[in-house]
Amino acid sequence: MTYVRKGSKTRAQQHRSVQSRDLLWVSVNGCHILNVYRQPETDAVMDYLTNLSPPARCLIGGDINVRHDAFEPGAVNLHRGGELVQWASEHGMDFVGEIGVPTHAAGHVIDLTFSNVAFASTTVRQDLHCGSDHQSMITMLPTTPQTQPSDARIKITDSQLEPFADLVRGLMVDMPCPEGVGNVAQLDDLAQHFTQSLLAAAQAVSKPAQQGRTTAPWWTADCRRAHRELTTHQTEAAKHQFKDAVRKAKRAYWRQVINEARDGRDLYRVVAWHKLEPNLRAPPLVIGDQVIEETAAKAEALQQAILKRYNSADDLEYNPLDDEHWSGMGNLPWNPRVGMEEVERNTIGVQSTSPGTDGITVRMLKACWQHVSLFIQQLYNCCLRLCHFPRAWKLAEVAMIPKVVSPQHGGALPRRSAMDLVAAFTHEVEAAFAQNKEVSMVTMDVQGAFDAVLRRRLLQRMAQQGWPRELLQLIDSFLTERRAQVRLEGTTTAAHQMQCGTPQGSPLSPILFLLYLAELLWQNSELRFGYADDLNIWRATHSLDNNATLLRQDIQSILRWGEINKVAFAPEKLEMIHLTRKRHNEAPAVVVSEDLTVHPVTAPAGQEPALRWLGVHFDRRLTWRPHVSTRAKKARAVAQHIRSLGKTRDGPPADALRKAVTTCVVPSLLYGTEAWYGGRTQPARHTGRSGEVSSRLGWHVGTVEKVLTMAARGVLPVFRTTSIATLYRDAGLPSAMVALEEAKIRFATRLQVVDEKHPLASRIAPPMITRGRGAGTRQRSKTKIQRLGALLPAVNRPTLAIPHYSEGCGTDPTEGVDKKSAAQAFKEWWRSQPSTDLYVFSDGSERNLDNSRQVGYGFIVYQGNKQLASFSAALSPMSHVFDAEAVGACRALDNPQIWLCLDNTSVIWGIRGSAAASSNWAYNRCHELLRQHNVGLKWAPGHMGIEGNEEADRLAKRAVSSTAAPAYGLEATPTVSGVRTVAKQLSQEARRKWWSGACGRLSDWYRGWSFSRPTVEYQVKAPPELTMPRHALHRWLALRSSHGDFSWYHRRFQHADARLTCVCGHNKSPEHLVLCRHSQRHFLHWPKRPAARPHNRATAVAYLGSLTPTDFVELLDCTQFYTRYCTR
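Every number in the numbering used here is 3 more than the matching position in the sequence shown, counting from 1.
Below you can see the structure in the form of structure tokens.
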């Protein structure tokens, strides 16, 4: 192996021209180095060396395992040493080592170095000896410095953000105002000037983060002493002591790293160790017959082969935006100005915080936002006014790594996930199975994707879709004169002009790509699903042969469309599978043309074929076993790693490991449950049978259970004989049944809250019976979506609307003031306002009466301080105060300046900004009224003596009284928040059901422990005891389960070498912790000391059960029972 020190100012390149594990070529600053290892008495490496014509400035060295008197005087010629000496003489390769100085502990010179570089020399360094049987050697090569081009990014620490903001404030004083810009050239110059100013300020307060030389973090004083002893004496004992010191230091260091992993950042870095791979250079790049090994050359070649594989030759010859060619309707809404709230949300409020090529991050913009916000808003509006995208922002960086839209087209769309499409397709397959049909699916992939988008063809399609001309002119500017540079392994190419494609990484690119392919999905929206560039076309008939014929026509149609519209599809990514429940082995291929045949997917012997689409594996009979097995394998790797981190005494805190399980193991394991899990039972398929039958998911649940159990054992420091049920309860983790039921309920909730145009919404209701008995009613549910769609009450579906921005929508309604001060300020403000303005106070109320929730709202209208009107009404019982206040605000606004005074800040957020999903219709109505009237929003703190708020509260309470009139219209429909409450109750019921069955199999001892709670409840959340140190938590859990270092336990499992008694002579038992005379010596210092010393099991258990986790840790520290007296 060959290593190059980071920050060594050298330019190194690995070459893989030799397919051998024992030979490695590396170029360093113009010198060619061959690292050699020859196994004793083998010929392959020697044959390569003796037939090699070394290049200029070459160094060859390593463990060659030959002997000759040319470098070891008096040695016998062995193992082809003479051939090596002759080869070196003929090719001018001098032996540059020390003649006669042994390089091996046996006393021979077998580590050899040859070079044709003048003044090269190799010496044996005793002071660098590392304990190996080979000596450490240093070779000095005179070279010309050739530093690697720096690709360092700007890094600003938290302490440097304030100086950065101060510098930006000073630079913005002389910045021209964008509102005075009159042409695109001035706009380009201004954007460039602004970007350079931010960059200059960042560079002034920081310096690029570089990879410098650092010492090994585990190297300790003990290592230094052991190494000094080794280099001084060179004995076997010193060698073993040095190795032991290094091993102990490394073990202690990594144990400390693991134990101190408490916050999310450190924890996830440790959890990610399970997928660490060697940081090796990418293999040689092969393009045609050319093999490229140099990193910079590979980056340039990738730029040519990937980014420039498409050009504008296939684009339209004319500009569709010219007057003579413009044919668009431009009927879609378009506003050429943006407000400050929208600018702030989309500049410093974005989720993706990756910097652009200039290195300016969102974090840096937040720090100086008060100084640049107005300028950025004006600059954006200037871009919209001139329909121009500044040239300074058109440079994209592509990192190479090893590897109006149809309703069924997902990707880059709000509230449209990949799993929604998978669930919708699964619904279609199940519906076809119910009709005794067979399904065939083919997946396709758009070749090149973003890189293949042709600018003018995109503009033509968007014009046909109705997009306004001004927007298309801006997009035309966005895609014109675009530049890109490629970064590979720290090397970045120069920027090159791109003729087509959209920049990857831009949030606009996925949207443009969807619009580019929209026509393809609209051609048959029922039989085609699309997510970004992944397409799924399917057919369902009573014969697989018919499916193959229809799919052939579909693929031919798609390929023709692609040929006409210059969209290529990757033929090597065409995959197909037949889905059927019929017992036959037919699997016809789809013959598209003479050159293209799509065969069904296959699998190795013993495995079931499955086709992977959007991360879900579809098998022939739709049993989902391949998918569950694949997901379990991925999650098991993480669970095993977590278990390896958590030991009985050492390891991260249990609550931190639990967080890792819930965020890394459970989501990975349950991915795709929307497609395959609909409950342990389902309606009988045959119409003649009634009731529920098994869904045959026992194997699936068992597979999930095994992974979750392993993860729970990693969280808790318990013995492996501990009951599985107690593992889940004590770790606060869901069992397999609970996790799957909760996933089912979450999906059922999603089915109710998606908008009406969502692909899932149209699939929830079963089809109508059109004739015969039962005509006019709906068929029984035959798919998971239909069954789960009836699990929760139906709601008035939210509207998928564009984000709503109003003045102050990004400002906290409380403005950081406490309720008392805010109430006093509100009263003074109200007294100072004109008496002609209207003031509306709205409030909501909720109460439970006879196990029935009642929700209502009330509002009162003032003109000045005079009451004009009031109203109250009830809402659906399946709603909450949040909904009541939103509906009340909506009804109140139906009444010149109106001030809407609310005590619920969440409702103010929803009215100012985008509408919440719950009571969505009320928020949308408020937004309409805000545009029609001059309405102001004011926070009126509740229950603080404000007259209007108190009156509104009284009206709301009257609305939930038993004499109130029932709700009607939209107000009577369940709301999203109410349905989510029902879903929460169903999840709690699933937990109670599982725990009642599992608890009955637990011991009376375990169920008898309360630990400061009346009953041992099961909840899927972190118990407070998980914050204890692992050694203390181990004792706590051992007391509860009695599976620990106790006499009965050792006898039960026949531990012959175990110590069964305490030093006091009594048998080890859980309660002996407080009954032992050594512990009772410290009775006066016990936490929560009882009135009398515990004297039997009952009093001991009563005392231990009263302790909190903190008290228990204090008791262990006070008594030192397990560390001094009752040791293992």
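Glycine is no exception: its CB is placed at the ideal position from the N, C-alpha and C atoms.
Nothing here was measured: the structure is a model prediction, and the numbers come from that model.
For residue i, which residues in the same chain have their Cβ closer than 7 Å to its Cβ, ignoring the five residues on either side in sequence?
| i | result |
| --- | --- |
| E1028 | L1036, W1039 and P1112 |
| S909 | F885 |
| D136 | H107 and A108 |
| A426 | E677, A678, L763 and I788 |
Taking its Cβ as the centre, do 16 or more other Cβ atoms sit within 10 Å of residue i, making it buried, or is it exposed?
| i | result |
| --- | --- |
| L131 | exposed |
| Y926 | buried |
| L443 | Going by the sequence as given, residue 443 is Ser instead of Leu. Classification of S443: buried, given that the 10 Å Cβ count is 16 or more. |
| K785 | buried |
| I645 | buried |
| M332 | exposed |
| L174 | buried |
| D1048 | buried |
| L335 | exposed |
| T125 | buried |
| D853 | exposed |
Give the single residue among the options whose Cα lies nearest to the Cα of residue i.
| i | options | result |
| --- | --- | --- |
| A205 | N907, D361, L387 and R934 | D361 |
| D46 | G33, C61, S23 and S30 | S23 |
| N868 | N349, E831 and I478 | E831 |
| L389 | Q476, L672 and D1048 | Q476 |
| D598 | Q559, I36, A203 and C1079 | Q559 |
| N262 | L1005, L648, S330 and R850 | L648 |
| N799 | K822, R781, L754 and Y808 | L754 |
| V696 | G682, H703, W702 and S315 | G682 |
| C371 | M49, V432, V456 and L202 | L202 |
| W924 | L803, R995, C904 and P944 | L803 |
| E1117 | H1085, A1095 and A1094 | H1085 |
| V341 | S596, C385, Q189 and H374 | C385 |
| F122 | G100, D114, P105 and E75 | G100 |
| C1067 | R915, R1127 and W1012 | R1127 |
| A224 | V208, D1060, K251 and K242 | K251 |
| R723 | A659, S1045, S56 and L791 | S1045 |
Within its chain, find whatever has a CB closer than 6 Å to the CB of residue i; leave out the 5 residues flanking it on each side and keep chain order.
| i | result |
| --- | --- |
| D1114 | P1090 and K1091 |
| T446 | N539, E578 and W616 |
| A395 | A194, Q195 and T198 |
| A590 | H581 and P603 |
| S1050 | L1063, N1070 and K1071 |
| L1119 | A1035 |
Going by DSSP, what residues sit across from residue i in a beta bridge?
| i | result |
| --- | --- |
| H18 | W28 |
| L1133 | In the structure displayed, the chain extends from 4 to 1131; residue 1133 sits before or after that span and is not available. |
| V432 | None; V432 has no bridge partner. |
| Y1128 | Answer is none; Y1128 lacks a bridge partner. |
| Y40 | D66 |
| S875 | G861 |
| N539 | T446 and F532 |
| R231 | Answer is none; R231 lacks a bridge partner. |
| M579 | V445 and P603 |
| I295 | L288 |
| G939 | W902 |
| T544 | E441 |
Does any heavy atom of the ligand NAP sit closer than 7 Å to the C-beta of residue i?
| i | result |
| --- | --- |
| P76 | By its list of ligands, the structure shown contains no ligand whatsoever, and the ligand NAP lies outside what it can speak to. |
Using C-beta distances below 8 Å, list every residue in its chain close to residue i, excluding the 5 sequence neighbours before and after it, in chain order.
| i | result |
| --- | --- |
| V707 | V631, A635, L672, L673, A739, A742 and L743 |
| A746 | L673, T676, E677 and Y680 |
| T5 | Q17, L27, V29, I36 and N38 |
| A920 | V756, P801 and V979 |
| V710 | A635, A638, R639, A642, V668 and L672 |
- Item | Three or more C-beta pairs below 8 Å linking the stretch 934 to 944 and the stretch 988 to 1006 | no
- the stretch 832 to 847 contacting the stretch 807 to 817, beta-carbon criterion three pairs below 8 Å: Because the criterion of three Cβ pairs below 8 Å is not met, the stretch 832 to 847 and the stretch 807 to 817 do not touch.
- Message: Could you check whether the stretch 416 to 431 touches the stretch 497 to 508, counting it as contact only if at least three pairs of C-beta atoms, one from each stretch, sit closer than 8 Å?
- Response: The stretch 416 to 431 makes no contact with the stretch 497 to 508: fewer than 3 CB pairs, one atom from each, lie closer than 8 Å.
- Query: Are three or more beta carbon pairs between the stretch 565 to 574 and the stretch 607 to 614 nearer than 8 Å?
  - Reply: no
- Query: With a cut-off of 8 Å, do at least 3 Cβ pairs link the stretch 875 to 883 to the stretch 973 to 990?
  - Reply: With the cut-off at 8 Å, the stretch 875 to 883 and the stretch 973 to 990 touch.
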